[in-house]
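What follows is a single structure, written as structure tokens, with notes after it.
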Amino acid sequence: MEGMVFGGWSSLVRTLTVGIMAYVVLVVFLRISGKRTLSKLNAFDLVVTVALGSTLATVLLNKSVPLSDGILAFALLIGLQLIVTWLSVRVRWLRQIVTGEPLLLLYRGEFIPASLRHARVTEDEVRSAVRASAILSLEEVEAVVLETDGSLSVVRRGPDGGRLSLEGVRGYGPASIIGQSRLQ
Numbered sequence: 001m002e003g004m005v006f007g008g009w010s011s012l013v014r015t016l017t018v019g020i021m022a023y024v025v026l027v028v029f030l031r032i033s034g035k036r037t038l039s040k041l042n043a044f045d046l047v048v049t050v051a052l053g054s055t056l057a058t059v060l061l062n063k064s065v066p067l068s069d070g071i072l073a074f075a076l077l078i079g080l081q082l083i084v085t086w087l088s089v090r091v092r093w094l095r096q097i098v099t100g101e102p103l104l105l106l107y108r109g110e111f112i113p114a115s116l117r118h119a120r121v122t123e124d125e126v127r128s129a130v131r132a133s134a135i136l137s138l139e140e141v142e143a144v145v146l147e148t149d150g151s152l153s154v155v156r157r158g159p160d161g162g163r164l165s166l167e168g169v170r171g172y173g174p175a176s177i178i179g180q181s182r183l184q
């Protein structure tokens, strides 16, 4: 019972010492790697962030894992993330695998049922995003897009019809919209 509550002073000193050193190393690595490493732009970035936290916890609490192994694990995770993001900026098919594509859920006030089912998003969630954008009517909305980070973007109707901001969104374009409305 005693070991479960208090593992001894050496255990506390180890946790304190390794914790401070691991924290400093992780902060230095993150500063070197840039802001993208901790951004939650998409599922891939979130996985890296969670993995870094898990690695830090393992190094802190597992006495059988030396600090040097933890430092190598931090470097490996951040290095792989840098390589994948560098490549995804340059290779379109890799970017689509890593980040996915934004998806059109509502266009010119009309829901796109096939997209909603595919994304597992309800009409109520889309309406909520429209209300959060201080728009009273769906007819005032050019489009609602499910972004690669899981957020919903609402594009208000305007003189250009939202065309500039909707480029690259899966399901946008006259042929796509007509085809999706036939799926209903």
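One point on numbering: in full-length UniProt numbering, the residue at position 92 of the sequence shown is 92, and numbering is uninterrupted. Don't be surprised by glycine CBs; every beta carbon is placed ideally from N, CA and C. Computed from a predicted model, the values in this text were never measured in an experiment.
- The distance from the Cβ of S165 to that of V155 is about 6 Å, consistent with a contact at the 8 Å cut-off.
- Rounded to the nearest whole angstrom, the CA to CA distance from A134 to L146 is 18 Å.
- Checking the DSSP bridge columns, you'll see R156 partnered with V141.
- Assignment of E110 by DSSP, reduced to helix, strand and coil, places it in the strand class.
- Residue state for R95 is assigned as helix, using DSSP reduced to three classes.
- Within 10 angstroms of the beta-carbon of P102 lie 16 or more other beta-carbons, which makes it buried.
- Taking 8 Å as the upper bound for CB-CB distance, L104 and I97 are not in contact here, some 20 Å apart.
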